[in-house]
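**Q** Take a look at this one; I'll ask things after.
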Amino acid sequence: MPDPLQNPNRERFDMIASGWDASPRRQELAAAVAEAIAVSVPLQPHWQALEYGCGTGLVGARLAPLLHRLLATDISPGMLSVLAEKARDAGLRNVETRPLDLTRDPPPADRFDLVFSSMTLHHIPDVPALFRVFNGMIQPGGWIAVADLDAEDGTFHDAGVQGVAHHGFDRAVVAEWLRDAGFADIAVRAAHTVEKTRGNGLKRRYPVFLATARRDA
Ligand SMILES: C[S@@+](CC[C@H](N)C(=O)[O-])C[C@H]1O[C@@H](n2cnc3c(N)ncnc32)[C@H](O)[C@@H]1O
352 MPDPLQNPNR
362 ERFDMIASGW
372 DASPRRQELA
382 AAVAEAIAVS
392 VPLQPHWQAL
402 EYGCGTGLVG
412 ARLAPLLHRL
422 LATDISPGML
432 SVLAEKARDA
442 GLRNVETRPL
452 DLTRDPPPAD
462 RFDLVFSSMT
472 LHHIPDVPAL
482 FRVFNGMIQP
492 GGWIAVADLD
502 AEDGTFHDAG
512 VQGVAHHGFD
522 RAVVAEWLRD
532 AGFADIAVRA
542 AHTVEKTRGN
552 GLKRRYPVFL
562 ATARRDA
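The opening position of the sequence shown corresponds to residue 352 in this note's numbering, with each subsequent residue numbered one higher.
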């Protein structure tokens, strides 16, 4: 009997975890987002970072070598175990994985120099509330970096996919939510464009933004 309180994202991502990294499209997107973060945020080797909705770590594993410690969190134990195995194989000893759903769970007690997230916001119904939680998890003067789809027409995900709360975002609205949550120095830039061939054989392009900001010192 399925748990009615269970987030559909957990079950869906658990099911697709083992094949997630096989997609060149996902690899390219993650490489572009990691590069955009590394260019936009002055990463430091002593920094403690948290990734929210890390999946199999396609973004986080690229940034971990530039950081002291990465706490990689996700709602899906299946995605996290793929990342844990990859980190072990790659000798990435500064990556720790932890199940976390900030729409239900309390935030970790630690404070971070950076919280980042890629392609997870569109699964979160109340993004302004999540930004307020992120703000409380970041050291004064620390950074947030979030990447997701620009507003789209609902065709990015196949019809019937559960757990999609937003068809992308208006960049100005994301900036306003960040400001309201207590962030300053807000910048939003293009990070990548995902190309998908839809059912009718037509290619569709879905731009992805990266928003960065700092917690007020
Ligand atoms: C589209 S995937 C992106 C994964 C990874 N960031 C990447 O770029 O490959 C979205 C991820 O968000 C996670 N997720 C969905 N809802 C979540 C929630 N409420 N809390 C934490 N993670 C969540 C999913 O399990 C999944 O790993």
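Virtual Cβ for every residue (Gly too), placed ideally from N, Cα, C.
Going residue by residue through the segment 441-501, where are the continuous beta strand (DSSP E) segments of at least 3 residues, counting only ones entirely within it?
**A** Complete beta strand (DSSP E) runs here, min 3: 446-450, 463-469, 489-500.
**Q** Helix, strand or coil, according to DSSP, for glutamate 503 in the structure here?
**A** Of the three classes helix, strand and coil, the one that applies to glutamate 503 here is coil, per DSSP.
**Q** Terminal residues of the continuous alpha helix (DSSP H) containing valine 525?
**A** Start and end: 522-531.
**Q** Check for me: the beta strand (DSSP E) holding proline 558 runs from which residue to which?
**A** Per DSSP, proline 558 belongs to the beta strand (DSSP E) from 554-566.
**Q** When the distance is taken between beta carbons, is valine 384 closer than 8 Å to valine 410?
**A** Going by C-beta atoms, valine 410 is nearer than 8 Å to valine 384.
**Q** I'd like the list of long-range same chain contacts for glycine 533, defined as Cβ closer than 8 Å, with 5 residues on each side in sequence excluded.
**A** Counting only Cβ-Cβ distances below 8 Å, and skipping sequence neighbours, we find Arg483, Asn486, Arg566, Asp567.
**Q** Excluding the 5 residues preceding and the 5 following glutamate 503 in the sequence, name in chain order all residues of the same chain whose CB lies nearer than 7 Å to its CB.
**A** Around glutamate 503: His518, Gly519, Tyr557.
**Q** Distance, Cα to Cα, alanine 373 vs proline 416?
**A** C-alpha separation (whole angstroms): 22 Å.
**Q** Check this for me: beta carbons of alanine 516 and histidine 474, under 8 Å apart or not?
**A** Contact: yes.
**Q** For aspartate 536, which three-state DSSP category applies?
**A** Here aspartate 536 sits in strand by DSSP.
**Q** Select from Leu394, His543, Ile367 the residue whose C-alpha is nearest the C-alpha of aspartate 464.
**A** Closest by alpha carbon: Leu394.
**Q** Are there 16 or more other CB atoms within 10 angstroms of the CB of asparagine 360, so buried, or fewer, so exposed?
**A** Buried, because 16 or more other Cβ atoms sit within 10 Å of the Cβ of asparagine 360.
**Q** At a threshold of 7 Å, does arginine 569 count as lining ligand 1 (C-beta to nearest heavy atom)?
**A** It is not possible to answer for residue 569, since the shown part of the chain is limited to 352 through 568.
**Q** What first and last residue would you give for the alpha helix (DSSP H) that runs through glutamine 378?
**A** Counting along the chain, the alpha helix (DSSP H) containing glutamine 378 begins and ends at 375-391.
**Q** Could you check where the beta strand (DSSP E) with alanine 423 kicks off and where it finishes?
**A** 420-425 is the extent of the beta strand (DSSP E) around alanine 423.
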